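Here my numbering is used: the first residue of the sequence shown is 16, the next is one more, and so on. Virtual Cβ for every residue (Gly too), placed ideally from N, Cα, C. Keep in mind that this is a model prediction, so the values were computed, not measured. Below is one structure, written out as C-alpha cells, with a few remarks after it.
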Amino acid sequence: MTGANLQQRSVRDMLVCRKCGAEFPEARATRDGWHYRCPEDDCDASGLGEGLRRKDDVPVLG
Ligand SMILES: [Zn+2]
C-alpha cells in the first residue's frame, strides 16, 4: 500500500538548462513569468525554449 504516489509529482514545472544541464523549478528561473534565466551562478543561459527547456519536452534531435 505504499509507493503509489511516488510518481505523482509533476515535472511540468521543471526546466532543464541546455547549457549546463541543471534542472530546477520554473519558479527559480523567472521572477516575472516572462524572462527566464538559468539560476546557476556560473551559467548565463536564458530564454525559455532557447537556453532553457521544459523537462517534459521531447528533445529535438538534429
Ligand atoms: Zn545553466
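Rounded to the nearest angstrom, the gap between the Cα atoms of THR45 and ASP59 is 13 Å. According to the DSSP assignment, GLU41 belongs to the alpha helix (DSSP H) that extends over 41 to 44. If you check the CB distance, LYS34 and CYS53 come in under 8 Å. Residue environment: GLY66 is assigned as buried (16 or more neighbouring CB atoms within 10 Å of its CB, all protein chains considered).
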